[in-house]
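Listed in order, the protein sequences are those of chains Y and C.
Counting from 192, one number per residue, gives the positions in the first sequence under our numbering.
Counting from 265, one number per residue, gives the positions in the second sequence under our numbering.
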Amino acid sequence: MKTILEYHDGIHKNVPHDVYHGRHLGLVSKSAIERLDRSPAHYKTWIDGDVSDVGTLAQAFGGAWHCSVLEPERFEASYVVEPDHGDLRTKAAKAARDEWRAANGCKVYVPEDDMAAMRAMTAAVRAHPLASKMLANGEPEVTAIWTDEETGLRCKTRTDYYVESRRMAVDLKSADDASLPAFRRSAANYGYHITDALYRAGFGAVGKRIDHYVFVVVEKKPPHAVALYSLHADDIQKGYAHVLSAKLKLAECVRNDDWPAYPVTIQTLALPPWAA
Amino acid sequence: MNEPTSSALATTEEKSISAFSSESNFKTAQRMANALATSNLVPQAYQNNIPNVLIAIELSARIGASVFAVMQNLDIIHGNPSWRSKFLIATVNACGRFTPLRFRYEGVEGTETWGCRAVAKDKEDGEECRGPLVTMAMAKSEGWLTKNGSKWKTMPELMLMYRAAAFWTRVYAPELSLGMSTSDEMSDVHGASSVELPTALVPGSTKDLEAELLGTPVAKPAPVVLDMPPIERHPDTGEIVPPATDAAQ
Numbered sequence: 192m193k194t195i196l197e198y199h200d201g202i203h204k205n206v207p208h209d210v211y212h213g214r215h216l217g218l219v220s221k222s223a224i225e226r227l228d229r230s231p232a233h234y235k236t237w238i239d240g241d242v243s244d245v246g247t248l249a250q251a252f253g254g255a256w257h258c259s260v261l262e263p264e265r266f267e268a269s270y271v272v273e274p275d276h277g278d279l280r281t282k283a284a285k286a287a288r289d290e291w292r293a294a295n296g297c298k299v300y301v302p303e304d305d306m307a308a309m310r311a312m313t314a315a316v317r318a319h320p321l322a323s324k325m326l327a328n329g330e331p332e333v334t335a336i337w338t339d340e341e342t343g344l345r346c347k348t349r350t351d352y353y354v355e356s357r358r359m360a361v362d363l364k365s366a367d368d369a370s371l372p373a374f375r376r377s378a379a380n381y382g383y384h385i386t387d388a389l390y391r392a393g394f395g396a397v398g399k400r401i402d403h404y405v406f407v408v409v410e411k412k413p414p415h416a417v418a419l420y421s422l423h424a425d426d427i428q429k430g431y432a433h434v435l436s437a438k439l440k441l442a443e444c445v446r447n448d449d450w451p452a453y454p455v456t457i458q459t460l461a462l463p464p465w466a467a
Numbered sequence: 265m266n267e268p269t270s271s272a273l274a275t276t277e278e279k280s281i282s283a284f285s286s287e288s289n290f291k292t293a294q295r296m297a298n299a300l301a302t303s304n305l306v307p308q309a310y311q312n313n314i315p316n317v318l319i320a321i322e323l324s325a326r327i328g329a330s331v332f333a334v335m336q337n338l339d340i341i342h343g344n345p346s347w348r349s350k351f352l353i354a355t356v357n358a359c360g361r362f363t364p365l366r367f368r369y370e371g372v373e374g375t376e377t378w379g380c381r382a383v384a385k386d387k388e389d390g391e392e393c394r395g396p397l398v399t400m401a402m403a404k405s406e407g408w409l410t411k412n413g414s415k416w417k418t419m420p421e422l423m424l425m426y427r428a429a430a431f432w433t434r435v436y437a438p439e440l441s442l443g444m445s446t447s448d449e450m451s452d453v454h455g456a457s458s459v460e461l462p463t464a465l466v467p468g469s470t471k472d473l474e475a476e477l478l479g480t481p482v483a484k485p486a487p488v489v490l491d492m493p494p495i496e497r498h499p500d501t502g503e504i505v506p507p508a509t510d511a512a513q
């Protein structure tokens, strides 16, 4: 199986999940920037680490739900509700589980509650007057791969849904609270402005364009309210500057094969604004 | 016929309007600003922003450049207007008082001794005007190298030239920069957060997207219409003729 680095610069559909998420030294991505932001040493450790990390339960839920919304046929073929087998500390429950899984083949087993929530969330998106139209006439999981002109580093992004005719990318998010104040906090905590800028830059680098980058946020619990957000140009500008800075830092680390952690000097600590 | 040079593109032979010098000039400039602000060819900071365009008109009059060139080359960084370095160099080259800026390198490339100074000759007396030397050691000690997204690491030669030109202008022709810094200097002070978002990455209108998705007509704001007479210029001098007032009629 070829690696992501063997794909040529351009737009790619159907890049296998494992291939896309393969970690390669010097490959710029949102995940790489997150690690690099902490320190080059953390980035290098992540690169050298176990690629088969299963991720968190929330990530597993998010991945399954994405599939439910964007690729319903694959979802029905790949995911199945697993019944409650009872206390899995008992031999009987374990045997029941193993027997049931053997009968259901290589599927992804989803608890009944989660499946019900996913179906309700998907229905909420389909019922939303704008979100339903955004997720039409496009392609799911579209990957852009390009070579950064300034540093020569390869870069990658993958948008949840891309509608070329509208020059629009959709980022699906599941959330406990999709209200504006809560999502604003999430955007700051998870660096969504960096994601936005990286996606725009990536698609632009391969001759495509993203005029609209819209977050479709759906709450996990009833009433499964849906909210749509797009970032202000000033924040995208900050994200773009962050991407440029990260690329330069990564290029320097690669060139020197030097992966420092935190500064060795004593740093003066200032309390955050909310505590000062 | 000589081909136009880059410096020729940056200037205008027409008389520019000093927007704030008189009431009639202000009204004329306001009309021009209104027209320019509705164009989608001007940078976003000026679209539908008549006050910003008025300032650009005033700056263009001060330095003798076209309004469009000013708008294309004036960045607002952390609230401060800043010239792009290439534009500042073009303005110096086109001002007519000096020969075009040239750059002389000193020291050893790749070391901290490597430096650059801008030079030009005063056309009136032929005296050479030597700008201050900018070196990599200076860039290091001033902290320019370590700012987020610093271009000094990746393109030091260009940054040496740009900074040498900025220093030269500050010493020999400060009236051309109007005392403003270059965008590169501002980036060195504030870090890469001052990096301009490329035009191709500027987001589209969410209202337009909503209207497109819902199939409803896009509600465009009505253009500002000012009830003013057309601009008249003197046929010989090209100067703006102030509109006639009621009292004069």
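Ideal Cβ placement from N, Cα and C applies to all residues, glycine included.
Every value quoted in this text rests on a predicted model; they were computed, and no experiment measured them.
Residue contact with chain C for G393/Y: absent (no Cβ-Cβ distance below 8 Å to any residue of chain C). Interface criterion met: the Cβ of L461/C is under 8 Å from a Cβ in chain Y.
Residue-level contact by beta carbon fails for A403/C and chain Y, as no gap is shorter than 8 Å. In the DSSP annotation of this structure, the continuous segment of the alpha helix (DSSP H) that includes E474/C starts and ends at 470-478. Contact of M325/Y with chain C by beta-carbon distance below 7 Å involves L477. The continuous alpha helix (DSSP H) containing K221/Y extends over residues 221-229.
The three-state secondary structure of W337/Y, taken from DSSP, is strand. Chain Y places no beta carbon closer than 8 Å to that of P345/C, leaving this residue out of the contacts. Segment contact: the stretch 280-296 of chain C against the stretch 319-328 of chain C, three or more CB-CB distances shorter than 8 Å; contact assigned.
Only those residues of the stretch 392-418 of chain Y whose C-beta falls short of 9 Å from the nearest C-beta of chain C are listed: A392, G395, R400, I401, D402, H403, Y404, V405. Contact fails between the stretch 282-298 of chain Y and the stretch 253-263 of chain Y, because fewer than three Cβ pairs, one in each stretch, are under 8 Å apart.
In this structure, DSSP gives F367/C an extended state, which the three-state scheme calls strand. The beta-carbon of S421/Y is placed less than 8 Å from the nearest beta-carbon of chain C. Residue environment for N316/C: buried (at least 16 other C-beta atoms within 10 angstroms of its C-beta). Each of G213/Y, E262/Y, A396/Y, A432/Y was checked against the Cα of E340/Y, and the nearest Cα belongs to A396/Y. R376/Y is classed as exposed because its beta carbon has fewer than 16 other beta carbons within 10 Å across all chains shown. Chain order gives the chain C residues near L321/Y as L473, E474, L477, L478, where near means a beta carbon separation below 9 Å. At a cut-off of 8 Å between beta-carbon atoms, L439/Y makes contact with chain C. Residue pairing by DSSP puts A384/C in a beta bridge opposite C393/C.
Neighbours of I195/Y in chain C, taken as residues at a C-beta separation under 7 Å, are lacking, since the least C-beta distance is about 23 Å. With its beta carbon less than 8 Å from one in chain C, Y431/Y belongs to the interface. The beta carbons of G430/Y and A388/Y sit closer together than 8 Å. Across the stretch 377-405 of chain C, no CB contact with chain Y closer than 9 Å is found for any residue. In this chain, the alpha helix (DSSP H) harbouring I314/C covers 314-327. Counting only unbroken stretches of 3 or more residues, the beta strand (DSSP E) elements lying wholly within the stretch 227-277 of chain Y are 270-273, in sequence order.
A direct Cα-Cα distance of roughly 56 Å separates T355/C from A416/Y. Judged by DSSP in its simplified three-state form, C346/Y adopts strand.
L397/C and G379/C do touch by the CB rule: their CB atoms are close to 5 Å apart, below 8 Å.
Restricting attention to alpha helix (DSSP H) runs no shorter than 4 residues, the stretch 339-427 of chain Y encloses them at 371-381, 383-396, ordered along the chain. Three or more Cβ pairs closer than 8 Å define a contact, and the stretch 443-457 of chain Y falls short of that threshold against the stretch 350-359 of chain Y.
Looking at the DSSP output, D339/C shares a beta bridge with S346/C.
By DSSP's assignment, T281/Y forms no beta bridge with any residue. In this structure the stretch 228-235 of chain Y does not lie against the stretch 356-372 of chain Y, because fewer than three pairs of beta carbons, one per stretch, are closer than 8 Å.
Taking a beta-carbon distance threshold of 8 Å, K417/C counts as an interface residue toward chain Y. Distances from the CA of I224/Y to each of H433/Y, D448/Y, R280/Y, V210/Y were compared; the closest alpha carbon is that of H433/Y. Taking every protein chain shown into account, the CB of V301/Y has 16 or more other CB atoms within 10 angstroms, so this residue is buried.
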